[in-house]
Amino acid sequence: GRDAAESFAEAHLPGAVHAPYGGQWRTERDGVVGMMPEVEVIEGYISGLGVSNASTVVIVPAGSGASEFGAAARVYWTFKYLGHDDVAILDGGWNAWLDDSANPVASGAAKIKSAMFIAKPRPEILVSTSEVAGEVGTDAILVDARPEKQYTGAAKHTKADRAGHIPGALNVDQAQFYSTAANRLKPRDEIASLVPAQLKEDDADIISYCNTGHWAATNWFVLSEVLGLKKVRLYDASMVGWTKNKTLPVAASVRP
553 GRDAAESFAE
563 AHLPGAVHAP
573 YGGQWRTERD
583 GVVGMMPEVE
593 VIEGYISGLG
603 VSNASTVVIV
613 PAGSGASEFG
623 AAARVYWTFK
633 YLGHDDVAIL
643 DGGWNAWLDD
653 SANPVASGAA
663 KIKSAMFIAK
673 PRPEILVSTS
683 EVAGEVGTDA
693 ILVDARPEKQ
703 YTGAAKHTKA
713 DRAGHIPGAL
723 NVDQAQFYST
733 AANRLKPRDE
743 IASLVPAQLK
753 EDDADIISYC
763 NTGHWAATNW
773 FVLSEVLGLK
783 KVRLYDASMV
793 GWTKNKTLPV
803 AASVRP
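Heads up: the sequence shown runs through residues 553 to 808, numbered per this note's numbering.
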C-alpha cells in the first residue's frame with residue numbers, strides 16, 4: 553500500500569499525531585519479534601508524540617479489518633501496561649470518521665508539543681515465556697487467538713520454529729469478535745455470547761497469546777476491557793518466543 557506517512561499527511565483527524573504500528577510500538581529481542589520495548593525506550597517515544605501523563609489518548613485505527621484492529625488493541629494494551637488509563641480506541645477507526653461528511657479532516661504534518669510521559673508499569677498484565685511455562689497444567693487458562701489451522705498445526709507463522717499450540721490451550725480465534733460488515737468490534741452482548749463460559753468465571757486466570765502478541769491483544773481487549781474480566785495477561789513473545797526454546801512442549805493434531 554501507499555506509504556502511511558504520505559497517507560497521514562494527506563488527511564487525518566484534526567490534532568492527530570502519526571504513530572504507525574510498524575514503528576516503535578514493538579521490538580525484536582533475542583530473535584523474537586513483537587516484544588514489548590524496554591520501558592524507558594517506549595516512554596521516550598510516547599513523550600515524543602506529545603503525550604504526557606495528563607493526556608487523553610484516542611487510538612485511531614484505519615478501521616479496515618480484524619487484524620488491523622489488533623494493532624490498535626496492542627497499542628491500547630501498551631498504554632495500560634505503562635499505567636496510563638485515559639486511553640480509548642476510536643470505534644470504527646478512520647473509515648468510520650470519514651463516513652460522516654460533517655466530521656472535520658486535517659492535512660499536512662502534525663504539530664507536536666513536546667511532553668513528558670513517565671510510566672508506572674503494571675507487570676500483572678504481561679507474562680514472559682518462563683512464567684507461561686510454569687502455568688501449563690495449572691488453573692491458568694491459555695487462550696490461543698490464532699486461526700484454527702495454526703492452532704491445530706496445519707499452518708504456522710514463518711517465524712515460529714514449530715507448528716501447533718501450547719499444551720492445554722483453548723482456541724478462541726480473535727477474528728470472530730470483529731464485524732467485517734460494520735468494520736468495527738461487535739457489540740458487547742454479541743461478544744459475550746461468543747466467549748466460552750469458562751473464560752467468564754469471576755476467578756478465571758487468563759493468558760492470551762498468538763504468534764507475536766498482536767491478535768492476542770484483541771482477545772486481551774475483548775476479555776479485559778469489553779467484558780471487564782479481572783485477570784487477563786498478554787504473552788507478547790507468544791508462539792514465536794515459545795518455540796524458540798526447544799525444551800518447551802508444543803501440541804499439534806495436524807501436521808503441516
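Yeah, the Cβ is synthetic: ideal placement off N, Cα and C, and Gly gets one too.
- For ASP696, there is no enclosing alpha helix (DSSP H); the residue is part of the beta strand (DSSP E) that begins and ends at 693-696.
- With contacts defined as CB atoms closer than 8 Å, LEU786 and ALA768 qualify as a contacting pair.
- When the alpha-carbon of TYR730 is set against those of VAL778, TRP649 and ARG581, the nearest one is in VAL778.
- With distances taken between CA atoms, PRO673 lies nearest to LYS632 out of PRO739, LYS632, SER659 and GLU580.
- With fewer than 16 neighbouring CB atoms inside 10 Å of its own CB, ALA734 falls in the exposed class.
- Taking a C-beta distance under 8 Å as the contact criterion, ALA721 and ASP757 do not qualify as a contact pair.
- Between the alpha carbons of LEU642 and GLY615 lies a gap of roughly 9 Å.
- Under the three-state reduction of DSSP, VAL639 is assigned to strand.
- Looking at ASP555, GLN728, ASN647 and GLY567, the one whose alpha-carbon comes closest to that of GLY575 is ASP555.
- In the DSSP assignment, HIS717 is bridged to ALA803.
- As the crow flies, the alpha-carbon of THR704 is around 49 Å from that of LYS665.
- Boundaries of the beta strand (DSSP E) harbouring TYR761: 758-761, taken from the DSSP string.
- For secondary structure counted as the beta strand (DSSP E) over 3 or more consecutive residues, the region 582-633 holds these complete runs in sequence order: 584-587 and 609-611.
- Annotated three-state conformation of LEU678 is strand, per DSSP.
- Its chain contains ALA697, TRP767, THR770 and ASN771 as the residues whose beta carbon lies nearer than 6 Å to that of GLN726, once the 5 sequence neighbours on both sides are disregarded; these appear in chain order.
- Here PRO572 is exposed. Its C-beta has fewer than 16 other C-beta atoms within 10 Å.
- Judged by DSSP in its simplified three-state form, SER745 adopts helix.
- In the DSSP secondary-structure assignment, HIS564 is bridged to ALA658.
- Note that the C-beta distance between THR710 and GLY586 is not below 8 Å.
- Secondary structure of GLU580 (DSSP, three-state): strand.
- Judged by DSSP in its simplified three-state form, SER776 adopts helix.
- LEU751 and VAL724 have their alpha carbons spaced roughly 10 Å apart.
- At the C-beta level, SER659 and ALA563 come within 8 Å of one another.
- Under DSSP, ARG785 takes part in a beta bridge, and its partners are ILE759.
- Linking HIS570 to LYS738 through their CA atoms gives a straight-line distance of about 26 Å.
- Per DSSP, the unbroken alpha helix (DSSP H) holding ALA648 starts and ends at 645-651.
- Collapsing the DSSP output to three states places TYR703 in a helix.
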